[in-house]
Amino acid sequence: MSTTSERPAARTGAIGAGPRRVEGPAKVAGTAAYAYEYRAADAAYLAPVQATIARGRVAAVDTAAAEAAEGVLAVLWHGNAPRLRTDAELPGLQQPGELHVLQSAEVHYRGQPVAAVVAETFEAAQHAAALVTLTYEQLPHDAEFSAGRTDLATPKEDHRQGDVKAAEGEVVVDQTYTTPMQHNNPMEPHSTMARWDGEAITLHESTQGAHMVRETVAELLGLEQGRVRVVAPYVGGGFGSKGPLHAPTVLAVLGARAVPHRSVKLAATRRQMFSLVGYRSPTVQRVRLRADAQGRLSGIDVTATVQSARLGDFIEEAAGPAKSMYAAPNRRMGHRAARLDVPVPTWMRAPGECPGMFGPEVAMDELAVACGLDPIEARVRNEPERDPATGKPFSTRNLIACLREGADRFGWADRPAEPGARREGEWLVGTGVAASFYPVVPPVGGSRALVRHAGDGRYVVSLAAADIGTGAWTALTQVAADVLGVPLEHVEVRLGDSALPLASLAGGSTGMMSWGSTVHAAATAFRRLHGDDPAPGAEAAADLPEVAHRDDYAMHAYGAQFAEVRVNTDTGEIRVPRLLGVFAAGRIVNARTARSQFVGGMTMGLSMALHEESVLDARFGHVVNADFAEYHIAANADVADIQAHWIDEHDPLVNPLGAKGIGEIGIVGTAAAVANAAYHATGVRVRRVPLRLDDFLDAVGA
Amino acid sequence: MDFLSPDTWAGALAAKAARPEAVPVMGGTDVMVELNLGRRRPHALLDLTRVPELARWGAEDGYTRVGAGVSYTRLVERVGSRAPALAAAARSVASPQIRNRGSVGGNLGGASPAGDCHPPLLAAGALVELASAAGVRRVPASEFYLGPGRTVRREDELVAAVLVPEPRGPQVFAKVGPRNAMVIAVVSFALALDVAARRAGTGIGSAGPTPLRARAAEEFLAREFDWAGGADPSPEAARRFGDLVAGAARPIDDVRGSAAYRRHALAVLARRAWARCAAEVRGGGV
Ligand SMILES: Cc1cc2nc3c(=O)[nH]c(=O)nc-3n(C[C@H](O)[C@H](O)[C@H](O)COP(=O)(O)OP(=O)(O)OC[C@H]3O[C@@H](n4cnc5c(N)ncnc54)[C@H](O)[C@@H]3O)c2cc1C
């Protein structure tokens with residue numbers, strides 16, 4: 000176990016610099032292959048057939064026409080699909096019900112795979128899939144999400160401190176805030192190429208964790224882990240949905256078992272991305288704040304109602320962040336879940352924190368207005384000395400520093416206190432702020448890194464980590480180069496293959512904390528064992544170091560997000576010319592890729608504020624805007640000036656590298672900052688995202 | 000699926016006569032989306048991209064004739080000033096890639112109430128030329144649309160061209176949506192003035208089952224507009240005009256916007272359109 004008392008010195012300065020992505024040239028030149036792109040002479044293609052009912056049973060399947068179609072290799076349905084071990088214990092993050100594909104006649108959600116065709120070409124598979132005829136015994140379904148339902152479940156006991164009902168103070172904010180269903184849409188859809196050679200299965204997979212896929216597939220098939228290999232060096236974005244497995248991967252595995260010695264390929268279509276790989280639950284957040292006239296909180300009460308599925312429970316923990324953001328003696332945070340006949344929700348960038356910092360951070364703005372306080376001051380007044388949720392000291396908490404530095408950089412000082420005070424021609428202009436927060440999450444799984452001297456002062460560092468576009472290839476190269484004291488070009492990192500040493504999942508923004516710390520430990524061990532002049536072939540490995548003080552401190556990253564919003568006084572059109580974020584997330588290993596993570600998160604937050612919304616038609620149980628023509632995602636023209644900055648935070652307690660996670664915090668709070676700025680521009684308080692043109696009808700003098 | 004690909008106009012009309020159910024494809028920016036989404040599986044596609052006549056444009060008896068296959072990009076670059084409102088609408092469609100392929104004929108063939116070509120065609124008093132093996136007819140745009148996706152075009156007919164009267168005054172087009180591009184308009188509006196005849200034409204998009212004209216608003220503007228000097232309308236006149244345009248709409252509440260918002264935004268676009276036309280008259284632009 001290494002000690003974590005001191006921040007290791009950067010020996011070569013590689014840590015903290017901003018080198019370009021080591022895999023950039025390969026990606027730009029198109030030589031970095033993604034899962035679906037591997038050339039296989041024996042490729043076959045799988046097309047799913049999806050249920051057209053939201054609940055019931057498949058009564059009959061007529062596969063004759065599909066089987067007779069040209070190029071068809073297999074038509075699978077629950078009557079003939081290879082059996083999975085449905086009683087196997089899967090890793091905790093998996094949703095077994097979702098993964099038991101084609102194992103029974105039950106239909107649990109609209110769009111569920113109920114059959115699949117494997118064929119010689121993609122077109123032949125698609126065509127034959129359309130020829131499979133299903134007869135259903137339909138049962139009444141329920142896909143109506145609402146906080147007013149009388150059958151809401153309480154998945155976990157509420158978090159309580161003091162007595163929130165007895166909280167005193169003359170200022171009350173009691174409002175309901177909502178965020179919509181949203182769908183993960185990485186550029187690269189979920190894709191798999193699976194090949195079963197009769198003994199072992201190889202998956203080229205678009206995943207956030209090769210080892211996690213290996214373990215899960217091995218369990219489902221009843222194979223030794225050693226007979227499952229998962230290759231995933233390049234992944235075109237994940238945002239969480241590629242953490243847990245979903246039905247498409249299992250379909251490809253079933254296809255490969257059914258058609259051995261063929262490389263069975265499946266890439267979800269954009270439409271299928273809206274039914275097969277999870278989504279972010281909609282949330283309804285009832286937030287009640289009570290404070291004295293000076294804005295000091297005495298009570299915080301947050302109930303988040305979220306959508307879950309009958310097929311498997313997934314709770315979007317939107318009431319979580321309020322547990323530790325601000326001081327207040329009395330508090331209650333709880334979740335209520337509507338379990339519906341819908342696909343199971345999943346992780347989407349900053350699950351819990353992202354929607355859960357919308358309601359409370361708009362509420363804090365409302366509190367500031369009610370108390371006549373500057374919104375930054377309202378937050379400063381409620382700064383806790385210790386973590387309110389646990390009573391532990393913070394390892395570091397630099398929220399106020401972020402707010403202050405952001406205020407300086409953004410030009411907050413000139414801000415008029417009153418809303419609607421700044422008008423430029425047809426446009427009302429306002430500014431807003433919100434806090435951002437993301438915990439230091441314990442890594443999902445262990446990690447081990449191997450450092451080998453290849454001769455000539457060149458080193459190979461391997462572990463199975465997944466770079467889903469975050470910059471891990473580069474940052475891990477930097478960490479190794481720095482500890483080994485060699486130039487970056489002398490380190491070759493190998494990632495993304497279950498044949499390499501175990502690596503934790505790319506999830507919870509833990510990559511740099513776990514893989515970075517592990518590489519740091521392995522490189523340190525290498526120098527300790529082999530000195531500065533090692534023999535070629537010398538090796539050293541190390542496991543993820545324990546964090547000595549994990550249980551003694553509350554560990555979180557913080558940020559402050561500032562937005563400028565313009566609302567057209569005639570039409571209610573909303574534009575966001577400026578976003579600025581300042582983050583305190585421990586040590587920043589690569590300035591370039593870190594900025595890209597922050598700016599990317601903020602862009603996604605802008606997208607949440609103005610565009611993204613999946614519309615579920617409860618009558619049928621499907622998302623109606625399941626394509627990019629109608630599910631809008633912020634594009635270049637929506638983004639003007641987005642700046643991300645960070646403060647130089649030293650936190651030796653979090654891990655040997657002193658790094659906190661940066662992948663998700665950027666999306667947290669952005670939407671609240673935009674909504675708060677829109678209020679400041681117009682005086683209209685919108686408590687729902689995305690903001691719509693109609694929302695400002697009142698302000699525009701209709 | 001049969002793929003018919005005639006290379007003459009006569010051949011296209013013959014093919015459509017023989018296979019009336021064949022789905023025409025011009026740019027394919029609507030058809031291919033529908034095929035990809037599995038919304039339809041036609042037995043036959045009738046590719047029109049090889050028919051030279053459809054890609055032509057030119058002057059014809061006081062009209063500008065724009066072949067049904069002229070792409071938006073061409074329309075903007077080449078036809079521009081001869082059909083200003085239509086060109087302005089074309090400029091606002093989608094993205095460069097879609098504008099390179101999408102066509103007026105395809106917009107009319109699909110007849111979505113949100114299609115951007117419809118308001119300018121209505122406002123300018125354009126004619127839609129329909130042709131079949133049996134003959135040719137010209138239908139005023141105001142009589143062309145019947146319902147969402149439905150028009151007077153018979154199954155055996157193709158859209159041959161639109162005929163846009165030579166501009167006789169300022170023309171403007173405007174639309175509103177959550178962002179400036181790559182989004183279906185919440186509402187759109189076109190205004191075309193005939194200064195000599197002191198007449199106005201209007202077109203409303205995305206605010207009813209079909210594109211609509213606001214006839215009462217047209218008459219009101221014709222009376223109130225300062226045809227000689229191009230003075231700005233009085234606030235009362237502008238408001239009244241906006242209200243008349245909004246009143247002609249038959250909007251619904253949907254995920255893109257409420258009916259109330261659509262009416263409001265139409266009134267705004269209408270007032271702005273008046274002001275812009277007045278400024279053009281003042282500036283002697285016509
Ligand atoms: C990303 C994207 C963005 C878009 N943005 C916009 C936008 O901003 N504004 C807008 O108005 N539209 C938009 N569209 C829709 C589309 O681009 C337009 O409707 C375009 O005008 C269609 O033209 P096309 O030549 O591609 O038609 P096609 O797809 O070839 O055909 C469209 C329809 O018309 C029929 N048709 C085609 N030619 C004829 C003919 N000569 N006679 C009879 N019927 C015919 C077809 O059978 C079909 O029903 C967008 C589409 C996409 C994919």
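If you read the protein sequences in the order shown, they are chains A and B.
Numbering that gives the first Met the number 0 puts the first residue of the first sequence at 0, with every later residue one more than the last.
Numbering that gives the first Met the number 0 puts the first residue of the second sequence at 0, with every later residue one more than the last.
Ideal Cβ positions, reconstructed from N, Cα and C, are used throughout, including at glycine.
If you're wondering where the values come from, they're calculated on a predicted model, not measured in any experiment.
Which residues DSSP lists as bridging residue i, in chain order
i, result
"Arg335 (chain A)", "A:Thr304"
"Gly202 (chain B)", "B:Ala189"
"Ile200 (chain A)", "A:Trp195 and A:Val227"
"Gln160 (chain A)", "A:Arg330"
"Arg279 (chain A)", "A:Gln181"
"Leu101 (chain A)", "DSSP, once it has assigned bridges, lists no residue as partnering Leu101 (chain A)."
"Trp645 (chain A)", "A:Phe582"
"Pro438 (chain A)", "A:His555"
"Gln284 (chain A)", "A:Tyr176 and A:Ala303"
"Ser131 (chain B)", "B:Gly134"
"Arg262 (chain B)", "None; Arg262 (chain B) has no bridge partner."
"Ser461 (chain A)", "A:Leu449 and A:Arg493"
Test item: CB-CB of residue i and residue j under 8 Å
i, j, result
"Pro383 (chain A)", "Gly355 (chain A)", "no"
"Ala65 (chain A)", "Val74 (chain A)", "yes"
"Lys659 (chain A)", "Ala556 (chain A)", "yes"
"Phe313 (chain A)", "Pro344 (chain A)", "yes"
"Gly585 (chain A)", "Gly665 (chain A)", "no"
"Asn635 (chain A)", "Val546 (chain A)", "no"
"Asp46 (chain B)", "Val24 (chain B)", "yes"
"Thr517 (chain A)", "Ala448 (chain A)", "yes"
"Val575 (chain A)", "Val588 (chain A)", "no"
"Leu427 (chain A)", "Thr570 (chain A)", "no"
Proximity test, Cβ basis, 8 Å: residue i and chain B
i, result
"Glu563 (chain A)", "no"
"Asp637 (chain A)", "yes"
"His189 (chain A)", "no"
"Ala8 (chain A)", "At Ala8 (chain A) the pLDDT is 49, less than 50, meaning the model places this residue with poor confidence and gives no usable figure here."
"Ala463 (chain A)", "no"
"His519 (chain A)", "no"
"Thr570 (chain A)", "yes"
"Val673 (chain A)", "no"
"Asp616 (chain A)", "no"
"Ala701 (chain A)", "Unreliable placement is indicated for Ala701 (chain A), whose pLDDT of 47 sits below 50; no coordinate value is reported for it."
Cβ of residue i within 8 Å of any chain A Cβ
i, result
"Arg275 (chain B)", "no"
"Asn179 (chain B)", "yes"
"Tyr144 (chain B)", "no"
"Gln96 (chain B)", "no"
"Asp1 (chain B)", "no"
"Tyr62 (chain B)", "no"
"Ser91 (chain B)", "no"
"His286 (chain B)", "Nothing can be reported for residue 286 (chain B), as the shown portion of chain B is limited to 0 through 285."
"Val185 (chain B)", "yes"
"Ser205 (chain B)", "no"
"Val22 (chain B)", "no"
"Gly256 (chain B)", "yes"
"Ala272 (chain B)", "no"
Whole-Å CB distance - residue i paired with residue j, under 8 Å assumed
i, j, result
"Ile14 (chain A)", "Gln477 (chain A)", "6 Å"
"Leu45 (chain A)", "Ala124 (chain A)", "6 Å"
"Thr702 (chain A)", "Gly333 (chain A)", "Coverage of chain A is limited to positions 0 through 701, which leaves residue 702 (chain A) absent and any answer about it impossible."
"Ala463 (chain A)", "Ala502 (chain A)", "4 Å"
"Val440 (chain A)", "Ile375 (chain A)", "With a Cβ gap of about 27 Å, Val440 (chain A) and Ile375 (chain A) do not count as contacting."
Positions along the region 223-238 of chain B whose CB lies within less than 9 Å of some CB in chain A: Cβ contacts with chain A come from no residue of the region 223-238 of chain B.
Interface positions of the region 161-178 of chain B facing chain A (Cβ-Cβ less than 9 Å), listed along the chain: Hits within the stretch, in order: Val175, Gly176, Pro177 and Arg178.
Against chain A: residues of the region 67-79 of chain B by CB proximity under 8 Å: So nothing in the stretch comes that close.
Residues of the region 106-118 of chain B whose Cβ lies closer than 7 Å to any Cβ of chain A, in chain order: Correct list: empty, as no residue qualifies.
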